[in-house]
Amino acid sequence: MATENMVVAYWERDCLGQGNLFLTDRQLIWINPTSRKGLRLPVPSIVVHAVSASNESFPEPCLFTLIDTSKAGVEYTPEPLDDDGEEIEENEDVKTVAFRLIPADSSHIQDLFATLNKCQELNPEPEEMSDEDYDEDDEECHENGEVDHDEEMNGDQ
């Protein structure tokens with residue numbers, strides 16, 4: 001769907017170098033041709049994506065993505081210190097990580113964002129059953145939560 005060369009990638013605050021970005025209908029792939037290392041992320045693992053302008057916490061405009069590491073098959077352990085050298089409480093349930101992509105030509109960020117939108121439309125999340133989808137009339141439950149199958153079969157008497 002899209003290819004962009006000379007894209008600098010950041011995994012959280014770690015610069016992975018410059019590489020090539022490939023957006024397919026099912027994956028975001030970034031490869032550093034020098035180190036021959038990269039990332040292959042399934043589109044459903046991208047929880048959020050946005051065009052991000054430069055700011056204090058990140059000085060360059062970029063395509064910001066938030067990755068669900070459990071869906072990406074990636075293990076990530078954050079560093080235990082923050083920018084001020086203070087200890088951060090360790091959270092074993094870290095499930096998301098920021099992945100930023102900075103193309104050499106920042107005018108391409110919007111196009112990459114639009115392409116990623118299309119990719120996500122092609123990979124919708126499976127819908128989970130909500131409480132609203134459940135019809136209470138379908139089953140009679142007693143206070144202890146057990147279903148009386150006789151009442152269910154015979155109807156109310």
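Reminder that position 31 of the sequence shown reads as 31 in UniProt numbering, one-by-one numbering, no gaps.
Every residue, glycine too, gets a C-beta built ideally from N, C-alpha and C.
Model, not experiment: these values are computed from the prediction.
| query | Are the Cβ atoms of T65 and H49 separated by less than 7 Å? | reply | yes
| message | Quick check on E60: does DSSP put it in helix, strand or coil? | response | coil
| request: Over the uninterrupted beta strand (DSSP E) stretch that includes S52, give me the two end residues. | output: 46–52
| With a Cβ-Cβ cutoff of 7 Å, do L21 and W30 count as a contact? | yes
| message | Can you find the residues in the same chain that come closer than 7 Å, C-beta to C-beta, to S45, ignoring five residues on each side of it along the sequence? | response | I67, D68, K71, A72
| query | Which one of D105, E125, N55, A114 has the shortest CA to CA distance from A2? | reply | A114
| message | Between P33 and chain D, is the shortest Cβ-Cβ distance under 7 Å, so that the two count as touching? | response | No chain D is present in this structure, which holds just one protein chain.
| said: Whole angstroms are fine: how far does the CA of L41 sit from the CA of N123? | reply: 13 Å
| said: Just verifying my parser: in three-state terms, what is the DSSP assignment at V43? | reply: helix
| message | Taking 8 Å as the limit between beta carbons, can you name the residues of its chain near R100, skipping five residues before and five after? | response | A9, Y10, S52, F58, C62, L63, F64, T65
| request: Return the Cβ separation of Q27 and V7 in integer angstroms, given the expectation that the two are a contact with Cβ distance under 8 Å. | output: So it is not a contact: roughly 15 Å between Cβ atoms.
| task | May I have the straight-line CA-CA distance separating N32 from Q18, to the nearest angstrom? | result | 6 Å
| request: Grab the span of the alpha helix (DSSP H) containing T115 for me, first residue to last. | output: 109–122
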